[in-house]
Amino acid sequence: MVKSYLKYEFAKSFGVVTSATSNILWTTKDGSSTSAGQAIVAANEEVISWDIKTGDVLSRWRDSSCNAQVTAIAQSKVDKDVFAVGYEDGSIRLWDKYGTIVVSFNGHRSAITTLAFDRSGVRLASGSKDTNIIVWDLVAEVGQYKLRGHKDQITGLQFVEPQEEVAEEDGAQAMVLDGTGDPSEGFLLSTGKDSLIKLWDLGSRHCIETHIAQTNGECWALGLSPDYSGCITAGNAGELKVWALDATSLASSRHQVDVPANMQYLHDRGTLFRQGKDKAIEIIFHPRLDYFAVHGSEKAVEIWRIRSEAEIKKSMARKRKRRREKLAQKKGDKKDGDALVEDDEEQDENVSKADVTDAFAQHLIIRTGGKARSVEWADITGRKRLQLLVATTNNQLELYHIPLKQKSSKSKDEDVPDYERALSVEIPGHRADVRSLALSSDDRLLASASNGSLKIWSMLTQKCGKTLECGYALCCAFLPGDKLVVIGTKSGEIELFEVSTGTLLDSVTAHDGAIWSLQVHPDGRSIVSGSADKSAKFWKVQVVQEPVLGTTRTTQRLKLSHARTLKVSDDILSLKFSPDAKYLAVALLDSTVKVFFTDSLKLYLNLYGHKLPVLDMDISYDGKLIVTCSADKTVRIWGLDFGDCHKAIIAHQDSILQVKFLPNNREGNGHHFFSAGKDRTVKYWDADKFEQIQRLHGHHGEVWALAISRSTEPPFITSRSSSRKNGKRKSRSCTRAR
1 MVKSYLKYEF AKSFGVVTSA TSNILWTTKD GSSTSAGQAI VAANEEVISW DIKTGDVLSR
61 WRDSSCNAQV TAIAQSKVDK DVFAVGYEDG SIRLWDKYGT IVVSFNGHRS AITTLAFDRS
121 GVRLASGSKD TNIIVWDLVA EVGQYKLRGH KDQITGLQFV EPQEEVAEED GAQAMVLDGT
181 GDPSEGFLLS TGKDSLIKLW DLGSRHCIET HIAQTNGECW ALGLSPDYSG CITAGNAGEL
241 KVWALDATSL ASSRHQVDVP ANMQYLHDRG TLFRQGKDKA IEIIFHPRLD YFAVHGSEKA
301 VEIWRIRSEA EIKKSMARKR KRRREKLAQK KGDKKDGDAL VEDDEEQDEN VSKADVTDAF
361 AQHLIIRTGG KARSVEWADI TGRKRLQLLV ATTNNQLELY HIPLKQKSSK SKDEDVPDYE
421 RALSVEIPGH RADVRSLALS SDDRLLASAS NGSLKIWSML TQKCGKTLEC GYALCCAFLP
481 GDKLVVIGTK SGEIELFEVS TGTLLDSVTA HDGAIWSLQV HPDGRSIVSG SADKSAKFWK
541 VQVVQEPVLG TTRTTQRLKL SHARTLKVSD DILSLKFSPD AKYLAVALLD STVKVFFTDS
601 LKLYLNLYGH KLPVLDMDIS YDGKLIVTCS ADKTVRIWGL DFGDCHKAII AHQDSILQVK
661 FLPNNREGNG HHFFSAGKDR TVKYWDADKF EQIQRLHGHH GEVWALAISR STEPPFITSR
721 SSSRKNGKRK SRSCTRAR
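Just so you know, the sequence shown maps onto residues 1 to 738 in full-length UniProt numbering.
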């Protein structure tokens, strides 16, 4: 006989501003010249377009058949409405701005690391962790060829397509082809984690030049100047290596057949050093001005400026003067010093031979609100300043205004230019992992708590209505009436907030250790908190009269008052009331669960069997079953009448963090439950049949929190990091044999 179960499917996700797995892009907003533009960012498996000025989501691009994270994004240089998106599973999809998939490519075996469009917009180059480079024909919608040569993942790709200049050189020995070959193929620069930089001839599909890009380890980033005059590679310990690219010779070589074998187009110009000593992640040149941005994984972005020819000569002259003075002091004769540096002066007159430190200068350092993950220049025409868009690893976007280099300065001691954090997109997400979720009684509001913030969300629009500052929150709950939210913190404090005004009504130092669990009594008149200080405390929310300072008047205020305390033998990790409030279950660090009578606090049952501590538990709505989950990867189903273990199930491949019963099901006994763990999965179980009904994938990290609505067709909310996923019940059924 077959038993039918309702099936759950992914509905929506919200709370992610930007993921730390991909780069970001900036593009102009249609029909607006005053807008700050749009940010195209990755949000787990989705791509989101943000209005930077208003913080609104303009569009979401998601392929329902793909659960892999976005790892790379690129924009076509011809059609600005076409974007290439690379995924963790090695697939590539072309999207338009309306969220429609134009074409999909599958050719890589592992995650895409970088994407690059050519100048004509008809070819796309992709690099992957599988060490291969593939060039795709976007017109024929096929892969043209693979370029193999790197020994580790690709970290940078740039098309090199210099314009040809017709010029005759005396003594040229190369024979020129007439009418053969395809000069439009161009060249490709690539860097890899194997510390190599390679120049590929796309006409012959071979590597024509290879250099060791970094001498101190891996090469992590590649930046190409817009005029193809040079490039910069970045490695470990803050090292930036500058390369000169002979674009003229490179363009003319496409018509020559007897190019010398030792011909080189890339020339090492020297090494620069960033202030930060971590590995660089990105090097982004400004599309019009002589600036570039480089950053690592710290809370800083360095802006460098390329000096003009006059500035380079001035810097070289200053160095010559210093050398002359040092030699004169050493020799004791200024004429001898002048003679010794005469040859050096003649050599230094050539700007192309200048030291790399003369050609580049650090403009300023931007201190960001989080560790930088990706940057992009916001190239808004008509602005007399630079604008830089920064995505950070703590789930926010920031737009900075950066002043340009002043042409003249009256003061010799020139101050460092001051930048401004103009705009940000940070309200729609947390800065840290979400540790707890709570739904209101009518399922219209959702409270999410993390380190430093408590956010109240509308479940109708999935928008954040309030952001409240708090401590390191570990648990939270709505009080009856849904007007108050209470949280427990890692420092042992209980904080009481009013939802409508966003004010902190009361803060009580309740425990000497972290408060791991907080439960509201079924009658709504009190709450109980469980802590690492081996105690559970009962609290009542009371209205007290407080005097107004400086007057004789009093005002009413809600406060938490301590009622009684339950002492136990070990740290408390979880608490749960039975629906009839008769029992209080307490999970301890010693891997046991103790069930007490709520009124007398006398021990009723002692549940033991887990090999590692119980992290969460729940009691069915008919009060007959209690389900516990543990760090030993098992779920145990117990009877609450005698305390016997009905079944122990190895439910997940890692620690199980959350378990929740559904309030009702078709049988009406509420014996179906969800479990969520560190293995990034959520599972749906039948506690009577002891079998798994459904496995839900889609999370890209540990599932720390889970909330179940009380409605008849409930969605469930799961959370990891700063994202929340909304599941909904479908009319389709899963079937299991009895």
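We put the CB at the ideal spot given by N, CA and C, even for glycine. Note that the coordinates shown come from a computational prediction; the quantities given were computed from them, not determined experimentally.
Start-to-end residues for the beta strand (DSSP E) that takes in residue i
{"i": "Asp-358", "result": "Not the beta strand (DSSP E): Asp-358 falls in the alpha helix (DSSP H), residues 356–359."}
{"i": "Thr-191", "result": "187–192"}
{"i": "Ala-467", "result": "Before going on, a small fix: residue 467 reads as Thr here, not Ala. Looking at the DSSP string, the run of the beta strand (DSSP E) that includes Thr-467 is 463–478."}
{"i": "Leu-250", "result": "Unbroken run through Leu-250 is the alpha helix (DSSP H), 247–252; no beta strand (DSSP E)."}
{"i": "Arg-373", "result": "372–377"}
{"i": "Arg-148", "result": "Premise fails: Arg-148 is in no beta strand (DSSP E) and is neither H nor E."}
{"i": "Phe-642", "result": "Neither: Phe-642 is in no beta strand (DSSP E) and is coded neither H nor E."}
{"i": "Ile-527", "result": "526–531"}
{"i": "Tyr-684", "result": "682–686"}
{"i": "Thr-381", "result": "It is not in any beta strand (DSSP E) - Thr-381 carries neither H nor E in the DSSP assignment."}
{"i": "Arg-435", "result": "434–439"}
{"i": "Thr-489", "result": "484–489"}
{"i": "Thr-21", "result": "Segment: none, Thr-21 is in no beta strand (DSSP E) and carries neither H nor E."}
{"i": "Thr-233", "result": "230–234"}
{"i": "Arg-421", "result": "420–425"}
{"i": "Leu-657", "result": "656–661"}
{"i": "Gly-677", "result": "672–677"}
Proximity to residue i [Cα-Cα], best of the options
{"i": "Asn-395", "options": "His-401, Thr-28, Ala-378 and Lys-371", "result": "Lys-371"}
{"i": "Lys-490", "options": "Leu-445, Gln-462, Ala-447 and Arg-435", "result": "Arg-435"}
{"i": "Pro-137", "options": "Ser-574, Ala-111, Ala-328 and Asn-106", "result": "Reading the sequence as shown, one finds Asp at residue 137 and not Pro. Measuring from the Cα of Asp-137, the nearest candidate turns out to be Asn-106."}
{"i": "Glu-218", "options": "Thr-114, Trp-243, Asp-152 and Glu-185", "result": "Asp-152"}
{"i": "Gly-677", "options": "Tyr-291, Gly-670, Arg-254 and Val-659", "result": "Val-659"}
{"i": "Glu-209", "options": "Thr-191, Ile-281, Thr-215 and Asn-216", "result": "Thr-191"}
{"i": "Thr-71", "options": "Asp-63, Lys-53, Glu-45 and Val-57", "result": "Glu-45"}
{"i": "Gly-465", "options": "Leu-437, Asn-451, Leu-222 and Ser-500", "result": "Ser-500"}
{"i": "Leu-589", "options": "Ser-531, Leu-601, Ala-563 and Asp-599", "result": "Ser-531"}
{"i": "Ser-76", "options": "Phe-497, His-150 and Phe-159", "result": "Phe-159"}
{"i": "Lys-537", "options": "Lys-725, Asp-523, Val-568 and Gly-524", "result": "Val-568"}
{"i": "Val-485", "options": "Ala-84, Leu-446 and Glu-311", "result": "Leu-446"}
{"i": "Val-682", "options": "Gly-670, Asn-669, Asp-688 and His-699", "result": "His-699"}
{"i": "Lys-463", "options": "Phe-10, Glu-9, Lys-7 and Gly-15", "result": "Gly-15"}
{"i": "Phe-117", "options": "Arg-205, Glu-282, Gly-156 and Ile-717", "result": "Gly-156"}
Residue i vs residue j beta-carbon contact at 9 Å
{"i": "Ala-125", "j": "Leu-188", "result": "yes"}
{"i": "Asp-358", "j": "Ser-315", "result": "yes"}
{"i": "Ile-649", "j": "Phe-690", "result": "yes"}
{"i": "Ser-59", "j": "Ile-48", "result": "yes"}
{"i": "Phe-360", "j": "Ile-306", "result": "yes"}
{"i": "Gln-542", "j": "Leu-560", "result": "yes"}
{"i": "Leu-388", "j": "Val-375", "result": "yes"}
{"i": "Gly-623", "j": "Ser-578", "result": "yes"}
{"i": "Ala-68", "j": "Asp-96", "result": "no"}
{"i": "Gly-230", "j": "Ala-244", "result": "yes"}
{"i": "Thr-634", "j": "His-672", "result": "no"}
{"i": "Ile-427", "j": "Gly-55", "result": "yes"}
{"i": "Leu-399", "j": "Leu-364", "result": "no"}
{"i": "Ile-656", "j": "Ser-675", "result": "yes"}
{"i": "Val-301", "j": "Ile-380", "result": "no"}
{"i": "Gly-643", "j": "Asn-606", "result": "yes"}
{"i": "Thr-27", "j": "Gln-38", "result": "yes"}
{"i": "Asp-227", "j": "Ala-247", "result": "yes"}
{"i": "Val-593", "j": "Ala-585", "result": "yes"}
{"i": "Gly-369", "j": "Lys-299", "result": "yes"}
{"i": "Glu-185", "j": "Leu-202", "result": "yes"}
{"i": "Ile-487", "j": "Ala-449", "result": "yes"}
For residue i, the residue or residues it bridges with in DSSP
{"i": "Ala-39", "result": "Trp-26 and Trp-50"}
{"i": "Lys-455", "result": "Ser-448 and Thr-467"}
{"i": "Ala-125", "result": "Ala-116 and Val-135"}
{"i": "residue 743", "result": "Given a span of 1 to 738 for the chain in the structure shown, any question on residue 743 remains unanswerable."}
{"i": "Asp-506", "result": "Leu-496"}
{"i": "Pro-403", "result": "Arg-385"}
{"i": "Arg-636", "result": "Thr-628 and Ala-648"}
{"i": "Thr-392", "result": "Ala-372 and Gln-396"}
3-residue-minimum beta strand (DSSP E) runs that sit fully inside the segment 257–332, ordered along the chain
266–273, 282–285, 291–295 and 300–306
Runs of 3 residues minimum, wholly inside the segment 200–227: which ones carry the beta strand (DSSP E) assignment?
Qualifying beta strand (DSSP E) stretches, in chain order: 206–212 and 221–224.
Give, in chain order, every unbroken run of the beta strand (DSSP E) that is at least 3 residues long and sits entirely within the segment 61–123.
70–75, 82–87, 91–96, 101–106 and 112–117
Give, in chain order, every unbroken run of the beta strand (DSSP E) that is at least 3 residues long and sits entirely within the segment 547–614.
554–567, 572–577, 583–588, 593–597 and 603–607
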